[in-house]
């Protein structure tokens, strides 16, 4: 693992935080992305540490959502997208056309902005991932479903109605169900794209608590437009503006003593 | 000096409102005319055909004597035809729709297929009969069989099913697909486990409505040579056959008034079948449309 | 990252087992679906080639000039048959014109009523009724024309013969009312409400809004619906076969028996014209004429609604 870090001139980039003795799970290198003619991401370099929560903040349209969707190649669902550069996940370049996206997305899971459970039962929602990956035994599935729902802190609310339609849950419950669905295939990294933007404050709090707990076992990257949220739950914060990564450092440092004037303007609320 | 004279305006307004009211009534009356026609049509057919309706009518074959004539052969023929047309057109139609909505790239050829489908929907049904006569009856030597009729009908309703299935697929929220891809599902897994289950009610509604169109079609089957006087039930896909609309046509064309009443009775059976199919379609639509 | 049940390991094992199968599946299924989609293209090609091929045989026996200029269509005349399409064309045209005269005012007013005046509740009752009207098989309309409309008309027009152009024309018109109404209503619904509200806010009546603002804005869609309706009327078969008669006559007498192109094809199909006879091939020549006319109408309708569409 560390050989990779030695061989790449990572620390030449001045905006990178000092590497401590921790592992990097995703390394982004000279990433550029275009939607047709419009460049949405410009020369991004970033290291994402293992078992930490990394927050990505910035005003709308700054490319933060695009960036996170590039990490599991969901961005490719838009046909006009063009990408250059490298993204290494556990030392393998995922932008290599030979890298199978299904493989990648099994390891790098995603939770979306709007809760998007399938119009199936709660049980079937969580069992969906294991099933598509060939796990068919009911006993194992039962166990996975229970464990995932427990890990997503929703088990007590739904254990008596596992076979009811997921659409009967509240928005906040739906989002935690979606997190459980994501956990069911035991990903390594979890991408969260503004997971609380459609939720009320109490549900938001529950999801935030959950993220804090999950980062013990998972590497989490969370996009948010809520700076307090980033401050509350993340270890590192990256600030995006106009498709560029302006600054990335320890969350406490970014919020108390930002290096860049633009970061300061943004977190003090002068724009955005 | 005012440019606007309140008095004139008030007078004119009264007139304008009167015109508005008059035309509203007129438009309403015109709309009601369609309803009136429908009522007269149903009334006529029921009063004419009702007394001939009996269990015997459903179980008798056609006959030269009006009082013994029945619709059995045609009823069975229609069911045979549906048993062939239904699976073929639904599989091909849904397959085409999945291809066009989920796989096809935005290319000139895709647009060509799409335009072609909408134009095909506008081709008169009798022209499909000519196609069936040459290709299925003559070239593929199926003869005037129920198979040839079923294939012809499949092609006729294919465009309707494709368009309905495409709409059903488009109505599935994009977020559901994203959720599936996000878990590492392949494209086909996403289609099979997420898109199709969500789109199925819409597809079934569209398919049943298209099939009910096929049940009522007459002309193409006459052209491919379906029989008009049949005293047997098809026993295989190679059998000759007749269908309800052709049987009704046959009775309508007889000079004796009594056969017109029999035709009306046949129409009641046909309409009952169509109403049944449409009710199922509406039921499916209402039952599943609340989900999203 | 130790877990008491390692799902990720299980997944990894399954991946290796099923990868070959999955990759075959992901490659073959799109191909199979593509074949499904291409069948519709082959249907069109099949129609065109069938019609062209059989028509070619027909023109080997009957001169093309005779087909388009002769004023008589007498294929069953054994000693001296004559194949002039004009009488069938005029029959088709007469029926289509009568149908449009009936369908345009009724269909358009129904559309205006539904789109501009009717409440949501009225709409919810009236639209399904129009759908029922559209779903009735043409054989039923044909029966209705012959046994009800014709006798009714004979009370007003004593000269009207038992088979005539008027009765099926009117009934074809009734059949296409729902089509005109629903397509025109779609066009009018596409006019944004803000425009209506602007005019109503200035004190315009509903009628003035409908005629001075909505109709002009929706005109291309409305005209396209008329053209499509004409195409439907031309291709309609059973109503005219049952109530129109089988006498191809060049002229525009609506009270006497006529024959349309579609009715001729049915007449030959029901008769015992031998395979390979000139009469057999003549239905393809008539069929291709019908196909070309309806295709032109359909393309024209697409052109109108695309070319003159107002962009909001």
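Residue numbers (our numbering), protein chains in the order written: chain A, 11 to 282; chain B, -2 to 289; chain C, 33 to 344. Yeah, the Cβ is synthetic: ideal placement off N, Cα and C, and Gly gets one too. Every value quoted in this text rests on a predicted model; they were computed, and no experiment measured them.
- A residue is called buried when at least 16 other Cβ atoms come within 10 angstroms of its Cβ; residue 267 (chain B) meets this threshold and is buried.
- Going by DSSP, residue 42 (chain A) is part of no alpha helix (DSSP H) but of the beta strand (DSSP E) stretching over 34 to 45.
- Residues of chain B whose Cβ lies closer than 9 angstroms to the Cβ of residue 122 (chain A) are, in chain order, 172, 175, 176 and 179.
- For residue 43 (chain C), the chain A residues whose Cβ falls inside 9 angstroms of its Cβ are 116, 139, 140, 143, 144, 145, 195 and 196, in order along the chain.
- At a cut-off of 8 angstroms between C-beta atoms, residue 283 (chain B) does not count as an interface residue with respect to chain C.
- The closest CA to that of residue 62 (chain C), considering only B:96, B:89 and B:249, is found on B:96.
- Taking the C-beta atoms as reference points, residue 255 (chain C) is found no nearer than 8 angstroms to residue 328 (chain C).
- Bounds of the alpha helix (DSSP H) holding residue 137 (chain C) are 118 to 144.
- In summary, residue 143 (chain A) is buried, with 16 or more beta-carbon neighbours lying within 10 Å of its beta-carbon over all protein chains present.
- Annotation: Cβ neighbours of residue 58 (chain C) in chain B (cutoff 7 angstroms, chain order): 183, 184 and 185.
- Residue pairing of residue 91 (chain A) in beta bridges, as defined by DSSP: A:45.
- With a threshold of 8 angstroms between beta carbons, residue 39 (chain C) makes no contact with chain B.
- With contacts defined by Cβ atoms closer than 8 angstroms, residue 52 (chain B) and residue 138 (chain C) do not form a contacting pair.
- If you draw a 10 Å sphere on the C-beta of residue 105 (chain B), you find fewer than 16 other C-beta atoms in it, and that means exposed.
- Residues of chain C whose Cβ lies closer than 9 angstroms to the Cβ of residue 213 (chain B) are, in chain order, 167, 168, 169, 170, 171 and 172.
- Classified as exposed, residue 235 (chain B) has fewer than 16 neighbouring CB atoms from the shown chains inside 10 Å of its CB.
- Residue state for residue 46 (chain B) is assigned as helix, using DSSP reduced to three classes.
- Residues of chain A whose Cβ lies closer than 7 angstroms to the Cβ of residue 191 (chain B) are, in chain order, 128.
- Under the three-pair Cβ rule at 8 angstroms, the region 120 to 140 of chain C counts as touching the region 196 to 207 of chain C.
- Scanning chain B for C-beta atoms nearer than 9 angstroms to the C-beta of residue 238 (chain C) yields 17, 20 and 21, reported in chain order.
- Between residue 245 (chain B) and residue 260 (chain B) a beta carbon distance of about 5 angstroms is seen, short of the 8 angstroms cut, so the two are scored as contacting.
- Residue range 254 to 285 is occupied by the alpha helix (DSSP H) that includes residue 285 (chain B), with no beta strand (DSSP E) assigned at that position.
- Counting along the chain, the unbroken beta strand (DSSP E) around residue 64 (chain A) starts and ends at 63 to 67.
- Fewer than three beta-carbon pairs drawn from the region 282 to 301 of chain C and the region 47 to 64 of chain C are found closer than 8 angstroms, and the two stretches are therefore not classed as touching.
- The C-alpha of residue 274 (chain C) lies about 50 angstroms from the C-alpha of residue 171 (chain B).
- Against residue 101 (chain B), chain A offers no close residue; the least beta-carbon distance is about 11 angstroms (beta-carbon pairs closer than 7 angstroms).
- For the C-beta of residue 215 (chain C), not a single chain B residue is nearer than 7 angstroms; the gap to the nearest is close to 12 angstroms.
- Here the alpha carbons of residue 47 (chain C) and residue 211 (chain A) stand approximately 40 angstroms from one another.
- Ranked by Cα distance from residue 259 (chain C), the first of C:270, C:215 and C:228 is C:215.
- For residue 81 (chain B), same chain residues with a beta-carbon under 6 angstroms away, outside a window of 5 residues either side, are 147 in chain order.
- Taking a Cβ-Cβ threshold of 7 angstroms, none of the residues of chain B is close to residue 220 (chain C); the smallest such distance is about 13 angstroms.
- Between the alpha carbons of residue 196 (chain A) and residue 284 (chain B) lies a gap of roughly 36 angstroms.
- Here residue 255 (chain A) is not near residue 78 (chain A), since their CB atoms are 8 angstroms or more apart.
- Beta-bridge annotation (DSSP): residue 260 (chain A) is paired with A:246.
- By the Cβ criterion, the region 105 to 118 of chain B is in contact with the region 147 to 156 of chain B, since at least three pairs of Cβ atoms, one from each stretch, lie closer than 8 angstroms.
- Using a Cβ-Cβ cut-off of 8 angstroms, residue 131 (chain B) counts as an interface residue toward chain C, since at least one Cβ of chain C sits closer than that to its own.
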